[in-house]
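Each residue of the sequence shown is one higher than the one before, counting from 176 in this note's numbering.
The beta carbon of each residue, even a glycine, is placed where N, CA and C say it ideally should be.
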Amino acid sequence: MDENSRLPKLQIVGYKNSGKTTVTTELVSRLTQQGWNVATWKHHGHGGRPDMVTGTDSYLHQQAGSLAAGVEGGGEFHLSVKGLTQEGILSFYEKLPIDLLIIEGYKQLAFPKIALLRTDQDKLLLDELENVKAVICRDNSIEIATDIPVFLLDEKEKYLQWMESYLGRGRKHGKR
């Protein structure tokens with residue numbers, strides 16, 4: 176994968192129910208309020224294919240064999256595509272007019288990461304990951320010896336300010 180592309184990426188990773196979606200939505204909301212164009216990509220970690228609404232025209236198109244099925248209405252476009260690799264998905268996002276791609280999950284990718292920990296046992300995750308820039312813990316019972324920033328999940332303002340500062344260093348001024 177081209178980790179040196181023009182599109183900045185940030186991963187939010189952790190085990191199930193660690194707060195990934197909460198942190199992702201908080202960061203998206205914060206950055207979009209400040210004028211960033213943000214996109215997200217979530218790993219469907221529950222196994223199998225993501226649900227498509229049965230009975231919709233897009234579903235019927237895919238069932239008939241369409242590789243990609245899209246629907247537009249009111250200026251919003253929804254797309255479902257079969258057979259894309261991670262590289263293909265990243266290439267798709269590269270074509271969008273966005274300032275940042277937030278990837279929820281895909282622990283094995285090498286992009287900068289925020290790791291979320293639920294329990295003390297989750298610290299093992301830090302040994303498996305590369306490029307961790309900060310850690311967010313569910314509570315203060317998790318002790319971590321590290322030189323990277325560590326926040327508590329309920330310190331929302333602190334970790335969002337840190338993320339803004341971290342992301343702002345690499346952001347070009349003005350819209351793309």
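Does residue i pass the burial test, meaning 16 or more other C-beta atoms within 10 Å, or should it be called exposed?
{"i": "Phe-326", "result": "buried"}
{"i": "Gly-189", "result": "buried"}
{"i": "Phe-252", "result": "exposed"}
{"i": "Val-310", "result": "buried"}
{"i": "Ile-323", "result": "exposed"}
{"i": "Pro-272", "result": "exposed"}
{"i": "Leu-235", "result": "exposed"}
{"i": "Glu-279", "result": "buried"}
{"i": "Leu-259", "result": "exposed"}
{"i": "Ala-320", "result": "exposed"}
{"i": "Ser-124", "result": "Only positions 176 to 351 of the chain appear in the structure, and residue 124 is not among them; the question remains open."}
{"i": "Thr-199", "result": "buried"}
{"i": "Asp-274", "result": "buried"}
{"i": "Leu-300", "result": "buried"}
Pull the bridge partners of residue i from the DSSP assignment, please.
{"i": "Ser-233", "result": "Bridge partners of Ser-233: none, in fact."}
{"i": "Trp-337", "result": "Answer is none; Trp-337 lacks a bridge partner."}
{"i": "Thr-215", "result": "Ile-277"}
{"i": "Gly-189", "result": "Leu-291"}
{"i": "Lys-184", "result": "Leu-276"}
{"i": "Ile-311", "result": "Leu-291, Phe-326"}
{"i": "Val-246", "result": "His-253"}
Work out the CA separation of residue j and residue i for me, nearest whole Å.
{"i": "Leu-185", "j": "Glu-303", "result": "17 Å"}
{"i": "Gly-343", "j": "Tyr-334", "result": "14 Å"}
{"i": "Leu-202", "j": "Gln-283", "result": "22 Å"}
{"i": "Met-338", "j": "Ile-264", "result": "24 Å"}
{"i": "Thr-207", "j": "Glu-318", "result": "33 Å"}
{"i": "Leu-276", "j": "Ser-316", "result": "31 Å"}
{"i": "Thr-196", "j": "Gly-248", "result": "26 Å"}
{"i": "Gln-209", "j": "Gln-336", "result": "12 Å"}
{"i": "Ala-290", "j": "Asn-306", "result": "10 Å"}
{"i": "Lys-270", "j": "Asn-212", "result": "13 Å"}
{"i": "Cys-312", "j": "Trp-216", "result": "22 Å"}
{"i": "Tyr-281", "j": "Gly-250", "result": "30 Å"}
{"i": "Ala-285", "j": "Glu-262", "result": "13 Å"}
{"i": "Arg-183", "j": "Ser-266", "result": "According to the sequence provided, residue 183 is Pro. The question's Arg does not apply to it. Their Cα atoms are separated by approximately 13 Å."}
With distances taken Cα to Cα, identify the nearest neighbour of residue i among the options.
{"i": "Tyr-341", "options": "Lys-308, Arg-313, Thr-207, Glu-247", "result": "Lys-308"}
{"i": "Leu-254", "options": "Gln-237, Ser-266, Glu-318", "result": "Gln-237"}
{"i": "Ile-187", "options": "Leu-299, Gly-210, Leu-300, Lys-288", "result": "Lys-288"}
{"i": "Arg-181", "options": "Gln-261, Tyr-268, Lys-257", "result": "Tyr-268"}
{"i": "Val-256", "options": "Arg-313, Gly-250, Gly-245", "result": "Gly-245"}
{"i": "His-218", "options": "Lys-191, Gly-250, Asp-314", "result": "Lys-191"}
Taking one C-beta from the segment 315-335 and one from the segment 229-241 each time, how about it: are there three or more such pairs within less than 8 Å?
Counting Cβ pairs under 8 Å, fewer than three are found: no touch.
Can at least three beta-carbon pairs, one atom from the segment 283-295 and one from the segment 236-246, be found at a separation below 8 Å?
Not touching, per the Cβ criterion.
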